[in-house]
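Q:
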Amino acid sequence: MEYERAPLPQRKAKELVSNLDRVNYEIRKRGKNTKEKSTDDEDIFNKFEELENEYPDYITLANITSHSFIITFKAPLMPKYVNFKAFPYLTDVTYKAFPKDRYICSTVLYFPEIRKLALIFQAVIGGHFHEYFLALFSLYKIDFSSLRG
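Per the numbering used here, residue 17 is the first one in the sequence shown, and the count goes up by one each step.
As structure tokens, then:
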């Protein structure tokens, strides 16, 4: 499927971050609601397995070690619809979503069919951002060798 490069919507930075107060409110609310009793390791793995079963093919990578923490996910059919040649992608990081140096990385891409940016890849990471981009590039088979002059 071939797309023409469509003009991207012109938005002011103020409009893009206008919901910052709402985000901060949700973060504070989440913090109040997460003061539950701690769970043991077996319970954590059981909950993770429940998530995998409830959302099959959404989680694409889970690497949790003392040196690395990354869980990546995307909609199962998303790679079928992305067009990196016609539209650039945008990656953003949310630092306050989790405690203990864990972040949410999100990548969006413009889709002319819906005339909006849509989430194509996301991860919870702790540590190095290069793991996020390696997972993104591998999943979508992005090859930079063709960019050499």
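Glycine residues also receive a C-beta, built at the ideal position from the N, C-alpha and C atoms.
Going by the CB atoms, is the gap between A139 and T88 shorter than 8 angstroms?
A: Yes, the pair counts as a contact, with Cβ atoms nearer than the cut-off.
Q: On a Cα-Cα basis, can you pick out the residue from T76, V98, C121, T110 that is closest to I158?
A: With distances taken between Cα atoms, I158 lies closest to V98.
Q: For G143, which residues from the same chain have a beta carbon less than 7 angstroms from its beta carbon, with the 5 sequence-adjacent residues on both sides left out?
A: Counting only Cβ-Cβ distances below 7 angstroms, and skipping sequence neighbours, we find S84, F85.
Q: Taking the straight line between their C-alpha atoms, what separation do you get for L32 and A134?
A: Unreliable positioning characterises L32 in this predicted model, as indicated by a pLDDT of 49, which lies under 50. A coordinate reading is not provided.
Q: Check the C-beta distance from L16 over to Y105 and give it rounded, since I have them as a contact under 8 angstroms.
A: In this structure the chain extends from 17 to 165, so residue 16 is not present and cannot be described.
Q: My understanding is that I120 touches T110, with C-beta atoms under 8 angstroms, so please give their C-beta distance in whole angstroms.
A: Confirmed, Cβ separation roughly 4 angstroms.
Q: Where Y148 and F103 are concerned, what is the direct C-alpha to C-alpha distance, given to the nearest angstrom?
A: When rounded, the distance between both Cα atoms is 20 angstroms.
Q: What are the start and end residues of the alpha helix (DSSP H) that includes S154?
A: Its alpha helix (DSSP H) spans residues 146 to 155.
Q: For the putative contact between I136 and K90, defined by C-beta atoms under 8 angstroms, what is the C-beta separation to the nearest angstrom?
A: Contact flag correct, Cβ pair sits at about 6 angstroms.
Q: For the stretch 78 to 162, which segments carrying the beta strand (DSSP E) assignment without a break, of at least 3 residues, lie completely within its bounds, in sequence order?
A: Here the runs fully enclosed are 85 to 89, 105 to 110, 119 to 127, 132 to 142.
Q: Verify whether the separation of the beta carbon atoms of I60 and E68 is less than 8 angstroms.
A: No, the Cβ-Cβ distance between I60 and E68 is not below 8 angstroms.
Q: State the beta-bridge partners of I75 as determined by DSSP.
A: F89, per the DSSP bridge assignment.
Q: Under 8 angstroms between the Cβ atoms of Y156 and P92?
A: Result no, Cβ atoms of Y156 and P92 do not sit closer than 8 angstroms.
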